[in-house]
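For the protein sequence lines, the chains are A and B, in the order given. Here the first sequence is numbered in full-length UniProt numbering, starting from 1 and rising by one per residue. Here the second sequence is numbered in full-length UniProt numbering, starting from 1 and rising by one per residue. Just so you know, even glycine gets a beta-carbon here, dropped at the ideal spot from N, CA and C.
Number of protein chains: 2
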Amino acid sequence: MTNELPLTKEAILDAAEQVLRRYGPDKTSVIDIAKFLQVSHGTLYRHFASKAALREAVTERWLDKSIAEPLEGIADTAKGSAAEQLRLWLETLIKKKRMYAVDDAEMFVMYADVTLETGDMITMHINRLMKQIASIIERGMQAGEFKPDSADAISRAVFLATSSFHHPAHAHEWSSETIEEDFDTVWRLLLSGLK
Amino acid sequence: MTNELPLTKEAILDAAEQVLRRYGPDKTSVIDIAKFLQVSHGTLYRHFASKAALREAVTERWLDKSIAEPLEGIADTAKGSAAEQLRLWLETLIKKKRMYAVDDAEMFVMYADVTLETGDMITMHINRLMKQIASIIERGMQAGEFKPDSADAISRAVFLATSSFHHPAHAHEWSSETIEEDFDTVWRLLLSGLK
């Protein structure tokens, strides 16, 4: 007996996130999520064409809430030194990734998998983050704190040059004893390149 | 009927590399390699305790021959500007990785898998590469071309900051249209940080 009430996308994503956390992304099927919602899997497929589409939508919402939105707050706070703001932004990104890799391992593993499939969603997420860095770098350039250059190209380079500290494929390196020191040296190099 | 002649490690690695290339790393079993060598799989297991150990040994030899040794030649040629030498070293590493990802896909996929398992072998390979960069950076520091600093820490930072261009987990990003431009911007930032 299923309860075929109209479903919102948000309600499906809430349910999917709970079920994915409980069983892990590999073991969760669309049927598990349908059962949890007490609807038929046909109903679910009317909202999401495949398990892949559902995983991507859950990951997208998770990345927005857990990563992009909190970082937006830092990027929008335009006071003090742009270098300090940029370092805070990068360190917050890195800390959040490291924390979620351990404390929200199911979501993190799913996000790592979705990243390897490189859909448009991940590109959009990265573009959103790079726009935030660009706004900080642009402010630094306007204030004469950073050398004039293309803020977009430089922010892309800063994001790429710090990948090993925030890209999920490097998560197994984050428990290294030298990781803080390594980031510090990369940061010093980049900062003296920006100035 | 098997032909139990004494086997050298080199002969086993030669055979394993051929069989792995033919069937791909996932589909190759130790039995396939034993058959190819016309020995029992027991004989093979006396040399390599597991399929994982054999894959690691094949990858180690492949990395030495294809990556570390050719780069050693560049690191050892101490003439002209250290900045140009460092850029050539990095570009050669990046070009080789990109070429092998396409032209030697089976070996590359196996290497990418072995890297994720992060054994001591990969750490040793990376340390070997970082020593090569350190020798270039040290020369640049001694010549006053680069700011004085710890050559080891800086070479580690340069290697990490260019990971997205040479770490196998990023291989799917290497077909991006902006990859050359991206490397160029990262390089400019790092170089102006070194100077």
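Inset, instruction - Within its chain, find whatever has a CB closer than 8 Å to the CB of B/D152; leave out the 5 residues flanking it on each side and keep chain order. - result: As a working mapping, residue 152 of chain B is identified with position 152 in the second sequence. Closer than 8 Å at the Cβ level, and outside the excluded window around B/D152, lie M130 and A134.
Inset, instruction - With distances taken Cα to Cα, identify the nearest neighbour of A/I136 among A/H125, A/L88, A/S163 and A/H170. - result: Counted from its first residue, the first sequence places residue 136 of chain A at position 136. Ranking the options by Cα distance to A/I136, first place goes to A/L88.
Legend entry - First through last residue of the alpha helix (DSSP H) which encompasses A/F183: Here the question's residue 183 of chain A lines up with position 183 in the first sequence. Run containing A/F183: I179 to L194, per the alpha helix (DSSP H) assignment.
Inset, instruction - Name, please, each residue of chain A whose Cβ falls closer than 9 Å to the Cβ of B/S135. - result: The residue you call residue 135 of chain B lines up with position 135 of the second sequence. Within 9 Å Cβ-Cβ: nothing; B/S135 doesn't reach chain A, min ~18 Å.
Inset, instruction - Please confirm if B/R156 has its CB atom under 8 Å from at least one CB of chain A. - result: Translated into positions along the second sequence, residue 156 of chain B becomes position 156. At least one chain A Cβ lies under 8 Å of B/R156.
Inset, instruction - Alpha carbon to alpha carbon, how far is A/W174 from A/G24? Give it in angstroms, no decimals. - result: Taking the first residue of the first sequence as 1, we reach residue 24 of chain A at position 24. Taking the first residue of the first sequence as 1, we reach residue 174 of chain A at position 174. One C-alpha to the other measures close to 22 Å.
Inset, instruction - Could you have a look at A/F48 and say whether DSSP puts it in helix, strand or coil? - result: Locating residue 48 of chain A in the first sequence gives position 48, where the first residue counts as 1. Correct three-state label for A/F48: coil.
Inset, instruction - Enumerate in chain order the residues of its own chain whose CB-to-CB distance from A/F146 is below 7 Å, with the five nearest sequence positions on each side excluded. - result: Here the question's residue 146 of chain A lines up with position 146 in the first sequence. Excluding sequence neighbours, A/F146 sits near A82, I137, G140, L194 and K195.
Inset, instruction - Taking only beta-carbon positions, decide if A/H41 is within less than 8 Å of chain B. - result: Stepping through the first sequence from its first residue, residue 41 of chain A is reached at position 41. For A/H41, the answer is no, since every Cβ of chain B falls outside 8 Å of its Cβ.
Inset, instruction - Kindly say whether residue 199 of chain B, judged by its beta-carbon, lies nearer than 8 Å to any beta-carbon of chain A. - result: Absent from the model: residue 199 of chain B. The displayed extent of chain B is 1 to 195, so no value can be given.
Inset, instruction - Hey, could you find the ends of the alpha helix (DSSP H) A/G73 is sitting in? - result: Position 73 of the first sequence holds residue 73 of chain A. A/G73 -> alpha helix (DSSP H) spans E69 to D76.
Legend entry - Span separating the alpha-carbon of B/H172 from that of B/P6: On the second sequence, residue 172 of chain B is found 172 positions in, with the first residue counted as 1. On the second sequence, residue 6 of chain B is found 6 positions in, with the first residue counted as 1. The straight-line gap from Cα to Cα measures roughly 42 Å.
Legend entry - Any C-beta of chain B under 8 Å from that of A/T185: In the first sequence, residue 185 of chain A corresponds to position 185, counting from 1. True, the Cβ-Cβ gap to chain B drops below 8 Å.
Legend entry - Contact with chain B by A/D182, beta-carbon distance below 8 Å: Here residue 182 of chain A refers to the residue found at position 182 when the first sequence is read from its first residue. Answer yes: the Cβ-Cβ gap between A/D182 and chain B drops below 8 Å somewhere.
Legend entry - B/I12 to B/L37 span [Cα, whole Å]: As a working note, residue 12 of chain B is residue 12 in the second sequence. As a working note, residue 37 of chain B is residue 37 in the second sequence. Rounded to the nearest angstrom, the two C-alpha atoms are 8 Å apart.
Legend entry - Own chain partners of A/M121 with C-beta closer than 6 Å, once the 5 adjacent residues on each side are dropped: The residue labelled residue 121 of chain A in the question sits at position 121 within the first sequence. Taken in chain order, the residues that qualify are E56 and E60.
Inset, instruction - Please say whether B/A34 and B/L44 have beta carbons closer to each other than 8 Å? - result: The residue you call residue 44 of chain B lines up with position 44 of the second sequence. The residue you call residue 34 of chain B lines up with position 34 of the second sequence. Yes. Within cutoff.
Inset, instruction - Could you name the residues of chain B that A/L190 contacts, counting a contact when the two beta carbons are closer than 8 Å? - result: Reading the first sequence from its first residue, position 190 is the one you call residue 190 of chain A. Ordered by position in chain B, the residues that pass the 8 Å Cβ test against A/L190 are A161, L189, L190 and G193.
Inset, instruction - Given a cut-off of 8 Å, decide if B/S50 and B/K96 are closer than it, judged by their beta-carbon atoms. - result: Position 96 of the second sequence, counting from 1, holds the residue named residue 96 of chain B. Position 50 of the second sequence, counting from 1, holds the residue named residue 50 of chain B. Their beta carbons are not under 8 Å apart, which means B/K96 does not touch B/S50 by this criterion.
Legend entry - Top-ranked residue by Cα proximity to A/P116, from B/I154, B/A143 and B/H170: Here residue 116 of chain A refers to the residue found at position 116 when the first sequence is read from its first residue. Looking at the sequence shown, residue 116 of chain A is not Pro but Leu. It is B/H170.
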